[in-house]
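Heads up: the structure comes next, in structure tokens.
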Amino acid sequence: MNRPIRLVSALAALLASPALVAQVTPDAPVDPVRAAFDRADTDRDGRLSRAEAARLPTVGPKFEQYDENRDGYLSFEEYRTGFPVAPLGTTAGA
């Protein structure tokens, strides 16, 4: 197999990968807890500051409780602990 054909084959395999398909499929289920976290993360740094969390009535008052490592921010994992795990596509917890 020559180089251009291998390159095209590799590209086709990459484009068919489940991870890439999941990112571009508009009908993919949405995790409502993740969506709420992403909306609250206004500076898009992947964590919630105390001010960002304060805008969420169910999180703001419990900020210290959720901030397990006491770094002054909530990671998504810390944020998620405050909500019951719900199946994707439901609104339980957010």
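Counted the way mature numbering (1 follows the signal peptide of the UniProt record, and there is no 0) counts, the sequence shown spans residues -22 to -1, 1 to 72.
Glycine included, every Cβ here is placed at the ideal spot set by N, Cα and C.
Owing to the predicted nature of the structure, the values given are computational and were not obtained by experimental measurement.
request  = Assuming ARG25 contacts LEU52 (C-beta within less than 8 Å), just tell me the rounded distance between them.
outcome  = The beta carbons of ARG25 and LEU52 sit about 6 Å from each other, so the pair counts as a contact at 8 Å.
key: ARG58, DSSP secondary structure in three states   = Note: ARG58 maps to helix in three-state DSSP.
query = Quick one: Cα of ALA72 to Cα of ALA14, how far?
reply = Summary for ALA72: the model assigns pLDDT 43, below 50, so the residue's position carries little reliability; its value from the coordinates is reported in the next sentence. The alpha-carbon separation between ALA72 and ALA14 amounts to approximately 7 Å.
task = Could you have a look at GLY71 and say whether DSSP puts it in helix, strand or coil?
result = Confidence at GLY71 is low in this model, with a pLDDT of 46, below 50, so its placement is unreliable and the value that follows should be read with caution. Correct three-state label for GLY71: coil.
key: Residues of its chain near LEU34, where Cβ-Cβ distance is below 6 Å and the 5 sequence neighbours each way are ignored   = Correct list, in chain order: ALA18.
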